[in-house]
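In what follows, a structure is listed as structure tokens, so that the remarks can point back to it.
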Amino acid sequence: MITFMNNSDSEEEPCNERTSLMSAESPPVPSYQDGLQASEAGEAQAHRKRRAGSRGPNNIAGGEMSGSGVPVRESALENEEEELTLKYGAKHVIMLFVPVTLCMIVVVATIKSVRFYTEKNGQLIYTPFSEDTPSVGQRLLNSVLNTIIMISVIIVMTVFLVLLYKYRCYKFIHGWLILSSLMLLFLFTYIYLGEVLKTYNVAMDYPTLFIVIWNFGAVGMICIHWKGPLQLQQAYLIMISALMALVFIKYLPEWSAWVILGAISIYDLMAVLCPKGPLRMLVETAQERNEPIFPALIYSSAMMWTVGMAKPDTAARGPSQQRWDAAEDGREHLRSPSHAESQMSETRSPVPTRPVTSLEELEEEERGVKLGLGDFIFYSVLVGKAAATASGDWNTTLACFVAILIGLCLTLLLLAVFKKALPALPISITFGLIFYFSTDNLVRPFMDTLASHQLYI
Amino acid sequence: MGAAVCFGCAAIAFGPAAALVLLTVAAEPLLVIVLVAGAFFWLLSLLAASLLWFVSVRLSGREDAAPLLLGAAAAVLLQEVCRFACFKLLKKADEGLATLSEDGRSPISLRQMAYVSGLSFGIISGVFSIVNILADSAGPGTVGIHGDSPYYFITSAFLTMAVVLLHTFWGVIFFDACERRRAGGLGLVVGGHLLASGLTFLNPRYEASLGPIFILTLATGLWAFGTAGGSFRNVLKCLSCKQEPEGRAMLYSALQVPPEE
Numbered sequence: 024m025i026t027f028m029n030n031s032d033s034e035e036e037p038c039n040e041r042t043s044l045m046s047a048e049s050p051p052v053p054s055y056q057d058g059l060q061a062s063e064a065g066e067a068q069a070h071r072k073r074r075a076g077s078r079g080p081n082n083i084a085g086g087e088m089s090g091s092g093v094p095v096r097e098s099a100l101e102n103e104e105e106e107l108t109l110k111y112g113a114k115h116v117i118m119l120f121v122p123v124t125l126c127m128i129v130v131v132a133t134i135k136s137v138r139f140y141t142e143k144n145g146q147l148i149y150t151p152f153s154e155d156t157p158s159v160g161q162r163l164l165n166s167v168l169n170t171i172i173m174i175s176v177i178i179v180m181t182v183f184l185v186l187l188y189k190y191r192c193y194k195f196i197h198g199w200l201i202l203s204s205l206m207l208l209f210l211f212t213y214i215y216l217g218e219v220l221k222t223y224n225v226a227m228d229y230p231t232l233f234i235v236i237w238n239f240g241a242v243g244m245i246c247i248h249w250k251g252p253l254q255l256q257q258a259y260l261i262m263i264s265a266l267m268a269l270v271f272i273k274y275l276p277e278w279s280a281w282v283i284l285g286a287i288s289i290y291d292l293m294a295v296l297c298p299k300g301p302l303r304m305l306v307e308t309a310q311e312r313n314e315p316i317f318p319a320l321i322y323s324s325a326m327m328w329t330v331g332m333a334k335p336d337t338a339a340r341g342p343s344q345q346r347w348d349a350a351e352d353g354r355e356h357l358r359s360p361s362h363a364e365s366q367m368s369e370t371r372s373p374v375p376t377r378p379v380t381s382l383e384e385l386e387e388e389e390r391g392v393k394l395g396l397g398d399f400i401f402y403s404v405l406v407g408k409a410a411a412t413a414s415g416d417w418n419t420t421l422a423c424f425v426a427i428l429i430g431l432c433l434t435l436l437l438l439a440v441f442k443k444a445l446p447a448l449p450i451s452i453t454f455g456l457i458f459y460f461s462t463d464n465l466v467r468p469f470m471d472t473l474a475s476h477q478l479y480i
Numbered sequence: 060m061g062a063a064v065c066f067g068c069a070a071i072a073f074g075p076a077a078a079l080v081l082l083t084v085a086a087e088p089l090l091v092i093v094l095v096a097g098a099f100f101w102l103l104s105l106l107a108a109s110l111l112w113f114v115s116v117r118l119s120g121r122e123d124a125a126p127l128l129l130g131a132a133a134a135v136l137l138q139e140v141c142r143f144a145c146f147k148l149l150k151k152a153d154e155g156l157a158t159l160s161e162d163g164r165s166p167i168s169l170r171q172m173a174y175v176s177g178l179s180f181g182i183i184s185g186v187f188s189i190v191n192i193l194a195d196s197a198g199p200g201t202v203g204i205h206g207d208s209p210y211y212f213i214t215s216a217f218l219t220m221a222v223v224l225l226h227t228f229w230g231v232i233f234f235d236a237c238e239r240r241r242a243g244g245l246g247l248v249v250g251g252h253l254l255a256s257g258l259t260f261l262n263p264r265y266e267a268s269l270g271p272i273f274i275l276t277l278a279t280g281l282w283a284f285g286t287a288g289g290s291f292r293n294v295l296k297c298l299s300c301k302q303e304p305e306g307r308a309m310l311y312s313a314l315q316v317p318p319e320e
């Protein structure tokens, strides 16, 4: 098992795009029927832009747009904007709860039923130090060293990716991504299917297996890298995240896994928020170039009609709005980096007979939030490890699950407040780790003692 | 034992809760968030109570019933404290939602949030009480082989169902009492919780524990129903399916199908 890990890039690869929890929210587009309404909404957008930047000269901005009734209009627009944020805020949270929950359910169900993923069968080459030492101090030291190596590998890979992106080596990046999704969709699926069949003692002949794996993999490649129904693409992304998480759960030694989870949250925080962080530079470069980032590394919860969107409208808007729209379009492109999505929107733009209003209405409704696949993977690693190692206890797994969901909820709340790319790992993983250790060591004995006397609290 | 017992007990324990969630909570995203938040608060209270129990066991050095009694009582009180914290948070959220919305009213009322938070406390409390038991019941074994009661699984399932419903009712009553600043309601909720938990100490004498707990559940349910604004008249009106004339004029179309010629 160690040999193929040598030349696979798939371990780090999802780790690079860990942090992009970005809101795909775009401003309410003015309906084109009314020029007056267009200018009102334009003011709304202008206000929002300045709001996002600084809370300063709103009145002045309003004064530039139109002379009359600015304060009243401003508060009304503020309310409208906040209500829109709120209205879609709760929906976005649920749109992310569902896939995260599904991924965790797949991982926990596999861990609890298939013995293979809880058996120790060697370690990854990135965690070379073994944890089989008798003394606690040595074990701790080994796990910290393993973590340092793993995080360094991730940093190197991320910086490499950012450099490739900066110097426009797109073909290399695409090739890398295709290679890793090929490996996930074919090899890891084959192993997974083999283990599941072994667990349930189901016989399957090789021709059937070949047909099943071929179809699964081929459709997956098409859905993820090209075009496909949104829900099928989402399902495939969830499945590959689950497969990756299972690989981590199997091959990371116990203490190293927990230290790595903690270290990765800290790295995530720094990589996304620090000005020179690689992921932030990636996001900003993509923004400057008005390009989507990478296909197949972001889970998106809704369609974004980006490409065909703004063009019919730019003529109708004023010059300052246009400037802002270009920047916003850049961010919108950023927010819909999934290749399949941009392809989908490209397929829709050659339908010019569709009236602009319906596109705008659809755009208003079909907003979504995007979460990096690395976040899915590490959430599932945490919950899966809790399921695997918490001495058969379901309470720990459930406590970690609730903790991660609450962390995600808080992160989305912060996203609604700050409106820029945020790391999705720190809060959830912190809560998850706290709940794991406290539930495993404190709550479990308490609940077990209560249950043995059939006491309820 | 086996899958039948496991699924049957799970259905008994969580049937009402699942129905309530599917029918009332699942459609509204804000309520789902309230559900998860309530579960989080309950987990915090459990954490604190477990810490207390752990410390008391270590300090007293004995593993018998006394630390357990203390732990259980602390758990009940801490749960109510966390319910109060949940109330504070939801009240603030309600005010925030009201100010942000267009017509000055929040999309979900505090009563709905009270019900959902009570339900969430109930679900997570029930889940933590029974999920390990359910997992064990799916496997091989003989219940009560050491002389304990052979009805362990089914009574646990019924107790869990009662606990889920009780928490839901307590949530409604508690939030209403906090809203109207009535200490009596608060005291009765805390007292009821302590009573319910104390009755489980009478297990395995199930006639002494199950029966009174279900009577308590029924009584609390009726009280919560009254608190939420229900009354006998409402129930009759609902059951008779009578539609009140709404005071709007109803227009009948004057068009008629042309007669056959």
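Here the protein sequences come in this chain order: A and B. Using our numbering, the first residue of the first sequence is number 24, and each one after it goes up by one. Using our numbering, the first residue of the second sequence is number 60, and each one after it goes up by one. Even glycine gets a Cβ: it sits at the ideal position worked out from N, Cα and C.
Residue 181 (chain B) and residue 253 (chain B) have their C-alpha atoms roughly 15 Å apart. Within 8 Å of the CB of residue 259 (chain B), the CB atoms of chain A belong to 477, 478, 479, in sequence order along the chain. Contact with chain A is absent for residue 210 (chain B), since none of that chain's Cβ atoms lies less than 8 Å from the residue's Cβ. The Cβ of residue 290 (chain B) sits no closer than 8 Å to any Cβ of chain A.
Residues of the stretch 113 to 142 of chain A whose Cβ lies closer than 9 Å to any Cβ of chain B, in chain order: 113, 114, 115, 116, 117, 118, 120, 135. Among the residues facing chain A, residue 250 (chain B) is not included, as its CB has no counterpart in that chain under 8 Å away. Assignment of residue 322 (chain A) by DSSP, reduced to helix, strand and coil, places it in the strand class. Burial is judged here by how many other beta carbons sit within 10 angstroms of a residue's own beta carbon; residue 261 (chain A) has at least 16 and is buried. Spanning the alpha carbons of residue 267 (chain B) and residue 139 (chain A) requires a straight line of approximately 47 Å.
In summary, residue 139 (chain B) is buried, with 16 or more beta-carbon neighbours lying within 10 Å of its beta-carbon over all protein chains present. Between residue 259 (chain A) and residue 177 (chain A), the CB-CB gap reaches or exceeds 8 Å. Take residue 406 (chain A), set aside five residues on each side of it, and the residues of its chain with a beta-carbon closer than 8 Å to its own are 127, 130, 131, 420, 423, 424, 427, 455, in chain order.
Any Cβ of chain B closer than 8 Å to the Cβ of residue 306 (chain A) would place that residue at the interface, and such an atom is absent. Taken through DSSP and simplified to helix, strand or coil, residue 202 (chain B) comes out as coil. Look at residue 112 (chain B): its C-beta is under 8 Å from a C-beta on chain A.
Judged by beta-carbon spacing, residue 308 (chain A) lies within the 8 Å limit of residue 188 (chain A), meaning their Cβ atoms are closer than that value.
Against residue 191 (chain B), the close residues of chain A are 416, 417, 418, 474, in the order they occur along the chain (beta-carbon pairs closer than 7 Å). For residue 394 (chain A), the three-state secondary structure derived from DSSP is strand. Taking a Cβ-Cβ threshold of 7 Å, the residues of chain B close to residue 461 (chain A) are 106, in chain order. Counting other Cβ atoms within 10 Å of its Cβ, residue 295 (chain A) reaches 16 or more and is therefore classed as buried. Chain A has a Cβ within less than 8 Å of the Cβ of residue 88 (chain B). From the listed residues A:400, A:465, A:159, the smallest Cα separation to residue 451 (chain A) is found for A:400.
Here DSSP, grouped into helix, strand and coil, assigns residue 254 (chain B) to helix.
When C-beta distances to chain A are compared with 8 Å, the residues of the stretch 127 to 157 of chain B below that value are 127, 130, 131, 134, 135, 138, 156, in chain order. Residues are counted here when their Cβ sits less than 8 Å from a Cβ of chain B; for the stretch 425 to 459 of chain A these are 425, 426, 428, 429, 432, 458, given in chain order.
Every unbroken stretch of the alpha helix (DSSP H) spanning 4 or more residues and falling wholly within the stretch 247 to 292 of chain B is given here in chain order: 265 to 286. Residue pairing for residue 184 (chain A): DSSP places it in no beta bridge. Think of a sphere of 9 Å around the beta carbon of residue 392 (chain A): no beta carbon from chain B falls inside it, the nearest being about 12 Å out. For residue 201 (chain A), the enclosing alpha helix (DSSP H) covers residues 193 to 205.
If you draw a straight line from the Cα of residue 473 (chain A) to the Cα of residue 274 (chain B), it is about 23 Å long.
At least one C-beta of chain A is nearer than 8 Å to the C-beta of residue 218 (chain B).
Residue 169 (chain A) places its beta carbon 8 Å or farther from that of residue 288 (chain A). As the crow flies, the alpha-carbon of residue 278 (chain B) is around 29 Å from that of residue 86 (chain B). Chain B has no Cβ within less than 8 Å of the Cβ of residue 399 (chain A).
In this structure residue 161 (chain A) is exposed. Its beta-carbon is surrounded by fewer than 16 other beta-carbon atoms within 10 angstroms. By the criterion of at least three beta-carbon pairs nearer than 8 Å, the stretch 241 to 255 of chain A is not in contact with the stretch 139 to 150 of chain A.
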